[in-house]
Amino acid sequence: MAIEVGSVVEGKVTRITNFGAFVELEDEKSGLIHISEVANEYVSNISDFLHEGETVQAKVVSIDANGKVALSLKRMKPPVQEAEKPAARAINKPKPNKKLSASFEDKLSKFLKDSDERLTDLKRKTDSKRGGRGSRRSD
């Protein structure tokens with residue numbers, strides 16, 4: 194059977210490195226499972242998930258011009274749904290805020306009032322700096 198992109202192959206892990214695991218496939222071919230393709234979670238040490246001599250089933254992700262086969266364990270499993278992530282659901286929930294219930298007109302009038310106050314303060318500060326000593330002189 195020829196190895197094609199998207200097919201599931203079985204092989205034996207022959208070597209583990211810090212960036213992935215090499216898998217011996219049929220017809221004396223080998224493939225690489227990159228560390229990012231091992232699991233849906235963060236993998237800091239690939240040895241926590243795979244061991245040399247272990248037989249694994251992996252999905253063929255790509256085959257380059259040189260015949261290098263990229264494999265994935267992560268794509269064999271269905272993606273994790275948001276409902277299955279209890280921590281994410283609690284973090285992303287917005288807190289009720291009284292300001293959110295204000296109408297657009299209320300928000301606009303508050304913005305204009307704040308803006309006018311800031312411009313008035315800024316104008317007062319810059320006008321006092323422009324006068325300097327020249328305004329106190331009398332000829």
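Counting from 194, one number per residue, gives the positions in the sequence shown under our numbering. Where is the CB? At the ideal position from N, CA and C, for every residue including glycine. Just so we're clear, the structure is a prediction, and the values are computed from it rather than from any experiment.
Among the options, nearest to residue i - alpha-carbon criterion
i, options, result
"valine 201", "Asp257, Ala251, Leu243", "Ala251"
"glutamate 245", "Phe212, Asn233, Glu221, Lys205", "Lys205"
"glutamate 221", "Thr207, Asp309, Lys270, Asp307", "Thr207"
"isoleucine 209", "Glu298, Glu234, Glu247, Leu218", "Glu247"
"arginine 268", "Ile228, Glu219, Thr319, Ser321", "Ile228"
"lysine 270", "Asp320, Asn238, Glu234", "Glu234"
"isoleucine 239", "Asn259, Leu266, Gly260", "Leu266"
Cβ-based neighbour list, residue i, same chain, cut-off 7 Å, excluding 5 preceding and 5 following
i, result
"phenylalanine 242", "Val231, Ala232, Val236"
"glutamate 217", "Gly204, Lys205, Thr207, Ser223"
"serine 255", "Val198, Ala263"
Cβ distance (whole Å) where residue i is taken to contact residue j below 8 Å
i, j, result
"valine 253", "valine 198", "5 Å"
"serine 223", "phenylalanine 215", "6 Å"
Residues sharing a beta bridge with residue i, DSSP
i, result
"glutamate 203", "Gln250"
"valine 216", "Val206, Gly224"
"serine 255", "Ala263"
Residue-chain proximity (residue i, chain D), Cβ-Cβ < 9 Å
i, result
"phenylalanine 215", "In the structure shown, chain D does not exist; there is a single protein chain."
Classification of residue i by the beta-carbon crowding that lies within 10 angstroms, buried from 16 upward
i, result
"alanine 195", "exposed"
"leucine 225", "buried"
"leucine 305", "exposed"
"leucine 315", "exposed"
"leucine 301", "exposed"
"leucine 335", "Residue 335 lies beyond the range of the chain shown here (194 to 332); nothing can be said about it."
Same chain only: Cβ atoms within 6 Å of residue i, ignoring 5 sequence neighbours per side
i, result
"serine 308", "none"
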